[in-house]
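Asks:
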Amino acid sequence: MKRNIVLTHTSEKALRRAKNLYENDRFSDAAKILKSNYAENEYNPEFLEVYGLSLYRDNQWDMAIQILKKFTEVSSSKDHLPIIADCYRALLDYRQVAKIWETIKRSPTKNVVKIEGQIVAAGALADQGKLISALKLIDSGNYSEKNPSEYLLRKWYVIADLKERAGDVPGARALFSTIVKFDPELADVAERASALS
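Residue 15 is where the sequence shown starts when you use our numbering, and the numbers rise one by one after that.
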């Protein structure tokens with residue numbers, strides 16, 4: 015089997031153009047360019063990553079799963095497992111979401127990958143009306159981080175949302191208010207904190 019890992023000049027040019035389109039939120043256009051170059055680049059991790067992420071951002075869930083799984087296989091990187099899980103979540107395949115979450119939990123992965131995996135897995139449980147299970151999965155109860163990362167703030171936002179939906183309005187209010195102190199621009203956190211005051 016021929017494995018083209020090095021990009022040809024034409025493919026390199028196409029990838030550069032696709033990256034530019036991706037950065038300008040033109041995900042469909044980026045995916046189209048990469049699709050026409052896929053056959054000769056199906057083993058190039060950088061190509062697969064941009065192609066898979068473009069498909070994901072363009073809501074082409076099935077194709078995104080296929081390409082990002084290939085990226086994971088070729089690169090041995092687990093970085094995009096939460097995105098693959100999110101594609102399955104969009105397709106309502108909650109069994110696959112749970113399976114990927116188990117893989118993330120058992121694997122030595124970056125903290126950000128674990129956080130993103132928790133967010134997707136908890137969201138999938140919430141989609142099924144399992145709010146208490148979702149909270150158990152994601153909520154450690156520790157919100158004392160002095161300089162929380164963007165990913166941790168996103169996790170706290172999901173926890174606050176789940177708390178509100180589960181009827182814990184005081185808990186949701188307190189956590190939304192904590193997030194506002196660090197990033198008042200995160201999603202609609204300021205409005206939600208205000209609405210619960």
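Quick reminder that beta carbons are idealized off the backbone N, C-alpha and C, glycines included. Keep in mind that this is a model prediction, so the values were computed, not measured.
Would you mind sorting R103 into buried or exposed? The rule is 16 or more other CB atoms within 10 Å of its CB.
Replies: Classification for R103: buried.
Asks: Once DSSP output is grouped into helix, strand and coil, what is the label at P198?
Replies: DSSP places P198 in coil when its eight states are reduced to three.
Asks: What did DSSP end up calling M15 once you bin it into helix, strand or coil?
Replies: Reliability fails at M15, whose pLDDT of 37 lies under 50, so the model's placement of it is uncertain and the value that follows must be treated cautiously. Here M15 sits in coil by DSSP.
Asks: Which class does Y57 belong to by DSSP, given the choice of helix, strand or coil?
Replies: Three-state DSSP puts Y57 in coil, outside helix and strand.
Asks: Buried or exposed: which applies to L106, given that a residue is buried once 16 or more other Cβ atoms fall within 10 Å of its Cβ?
Replies: Counting Cβ neighbours within 10 Å, L106 comes out exposed, since fewer than 16 surround it.
Asks: What are the boundary residues of the alpha helix (DSSP H) that includes T22?
Replies: Where T22 is concerned, there is no enclosing alpha helix (DSSP H), given that its DSSP letter is neither H nor E.
Asks: Return the CA-CA distance between S121 and W75, expressed in angstroms with no decimal places.
Replies: Approximately 24 Å between the Cα atoms of the pair.
Asks: Since I believe K84 is in contact with L62 (beta carbons under 8 Å), could you give me their beta-carbon distance rounded to a whole number of angstroms?
Replies: Yes, they are in contact, since the Cβ atoms of L62 and K84 sit about 5 Å apart, within 8 Å.
Asks: Using 10 angstroms around the beta-carbon of A201, count the other beta-carbons present and answer buried if the total reaches 16, otherwise exposed.
Replies: Exposed.
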